[in-house]
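Step one of this worksheet: look at the structure below.
Residue numbers (UniProt numbering): 1 to 620.
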């Protein structure tokens, strides 16, 4: 093809004229010079005004709200703030729309109401969570874990507010606003459920347990917020873990609370922590807490009582209870020494030959000391002593005084406290051969219910001495083993044995009178049979009811001591002796429980015990 006929060889520099023809472009086809050529044929492209006009022919509304203005109000609502369209009502704890029935420009009324309802839910959740996170509300009824949860909720709300506020200025449509608050809305819904789940919880343990269960269910459903929820649970658990560390000796105890009260409250809470602490761990925590509490009473500056400070909030769960400064051998040595001291106080006594606690219990409260029994019998029942009651015309002498219970029919009963003190003075010290015994052991007046007071007023009743008790003041560290329940059991045993002692004296005096007066054969037989009955009963009670359980208790403690000595000899600390303070307390109370069962002192033996006391009353 000749070059002059090449169709692609176009001289673009030539001016357009009739000879050269016309150049055609796509812009020429737009037809901008044609009237109404730019109007769209589709309603969706016609803009919000056309849509509002079209929708007005289908549904009725009170008016149309400008989109820019409405978006600003909805954005404020998404942040939990009031505006001219949405106001917060404190009484109802919810946002209310001030203008009902108005559609947003560019949307239908139904679509506007649906979108507004979703943002109202978000706004209500934020506002209610803000109120919950206020630490000044419900201070009296909140536990530390709830305060920690309040702090976490407040931090989450601040983070959501910061994130949404930073991007809300670029929002130009409802779809953009909906996309902006979609993820925060999911997190707010989860936080609302967590708060609702712990509203009725009264303790740290119940709060942690409920949160752990709820968070576990949520993570199983969706792991989007797994990291956030894990951090929240960890922060809420910090107060409980700090208390645990303080009671276990890993940190200083909580300031402003006494060690005894704090330890007792925490031990009670441990027993109720069944949801997230296994039974084995609960027992271990309970025993360790008891041991540390006791150690603090003895030596508050001891290295194992919490002189180190552990910042649980900044440590991992494992690091919280790990301290490289602690020497395991030192801990084992301290525990071994402490167990030896406890056993020595219970069984072996002190180096200066003071009576041990076990000796005092067996000798006095369970009538194991014959000298004490005879001295007390004379002070209470003997007619050969001078009466402690002061009367006109009588001059007190230097003779031994006593209560002379049942010696006469005109005696005043019960005796005054001064008469009782005068009669029983010196019995304990003389019987034990140690003047220091009265520092912890003393006679006292028992508080009786109104039902039993009338029985005490009759000196010839078997219950005449029910007001008298032998009181033992327990000091540390023995108070960890000799609990109030154990002391009550000792007192109950002493009360029963005191009735037996009176029967022994009464039947013995009856036999003496029979020998002096030579009555009829029937009276003589009754005196002999009654004395034999009481003698056999006392023998069975002492030899079968008290001695075997008590000897078993002493043997268990001696076996524990032997194991500790073997550990020391072979340098195998903690390998043989596994009985702690709670174990000692358990075997001690089990011993007393067996004794009470053999003496018919339990509630299930009430009918049998009443029958026995009826026989006692007949003998008197």
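Glycine included, C-beta positions come from ideal geometry on N, C-alpha and C.
Among residues of its own chain, excluding the 5 on either side of residue i, which ones have a beta-carbon nearer than 6 Å to its beta-carbon?
i, result
"residue 471", "442, 444"
"residue 77", "86, 119, 123"
"residue 510", "527"
"residue 185", "122"
"residue 598", "545"
"residue 174", "115"
"residue 192", "125"
"residue 371", "431"
Leaving out five residues on either side along the sequence, give the residues of the same chain with a beta carbon under 7 Å from the beta carbon of residue i.
i, result
"residue 257", "Bear in mind that the predicted position of residue 257 carries a pLDDT of just 48, short of 50, making it unreliable; the figure below should be weighed with that in mind. Here the set comprises nothing."
"residue 287", "580, 581, 582"
"residue 225", "187, 190"
"residue 549", "591, 594, 595"
"residue 505", "377, 381"
"residue 148", "235, 236, 238, 239"
"residue 667", "Outside the shown range of the chain, which is 1 to 620, sits residue 667, and nothing can be said about it."
How would you call residue i, buried or exposed, if buried means at least 16 neighbouring beta carbons within 10 angstroms?
i, result
"residue 473", "exposed"
"residue 460", "exposed"
"residue 106", "buried"
"residue 159", "exposed"
"residue 636", "The structure shown does not extend to residue 636, since the chain is modelled only from 1 to 620, so the question has no answer here."
"residue 561", "buried"
"residue 559", "exposed"
"residue 314", "Reliability fails at residue 314, whose pLDDT of 43 lies under 50, so the model's placement of it is uncertain and the value that follows must be treated cautiously. Residue 314 should be labelled exposed."
"residue 179", "exposed"
"residue 639", "Here the chain covers residues 1 to 620 and nothing more, so residue 639 does not appear."
"residue 614", "exposed"
"residue 55", "buried"
"residue 541", "buried"
"residue 42", "exposed"
"residue 362", "buried"
"residue 80", "buried"
"residue 610", "exposed"
"residue 221", "exposed"
"residue 495", "buried"
Put residue i into one of helix, strand or coil per three-state DSSP.
i, result
"residue 108", "coil"
"residue 89", "strand"
"residue 123", "helix"
"residue 577", "coil"
"residue 401", "strand"
"residue 176", "helix"
"residue 196", "helix"
"residue 142", "coil"
"residue 59", "coil"
"residue 82", "coil"
"residue 136", "coil"
"residue 560", "helix"
"residue 278", "coil"
"residue 26", "coil"
"residue 222", "coil"
"residue 321", "Because the pLDDT of residue 321 is 38, which lies under 50, any placement of that residue in the model is unreliable, and the number read from its coordinates should be weighed accordingly. It is coil, neither helix nor strand."
"residue 367", "coil"
"residue 73", "helix"
"residue 202", "coil"
"residue 549", "helix"
"residue 458", "coil"
"residue 412", "coil"
"residue 236", "helix"
So, at 8 Å on beta carbons, what are the nonlocal neighbours of residue i in its own chain, with the 5 sequence-adjacent residues on each side left out?
i, result
"residue 452", "463, 466"
"residue 588", "481, 482, 486, 553"
"residue 144", "204, 239, 240, 243"
"residue 169", "none"
"residue 153", "129, 132, 133, 191, 195"
"residue 69", "none"
Taking the DSSP output, what are the residues bridged to residue i?
i, result
"residue 445", "468"
"residue 181", "According to DSSP, which records beta bridges pairwise, residue 181 is partnered with nothing at all."
"residue 103", "64"
"residue 289", "In DSSP, residue 289 forms no bridge with anything."
"residue 96", "87"
"residue 386", "401"
Check whether the Cβ of residue i sits closer than 7 Å to any heavy atom of the ligand MG, and report yes or no.
i, result
"residue 279", "In the structure shown, the ligand MG is absent, as is every other ligand, since no ligand is present at all."
Original post:
Enumerated in chain order, which unbroken segments of the alpha helix (DSSP H) with a length of 4 residues or greater are wholly contained in the stretch 478-538?
Top reply: 484-517
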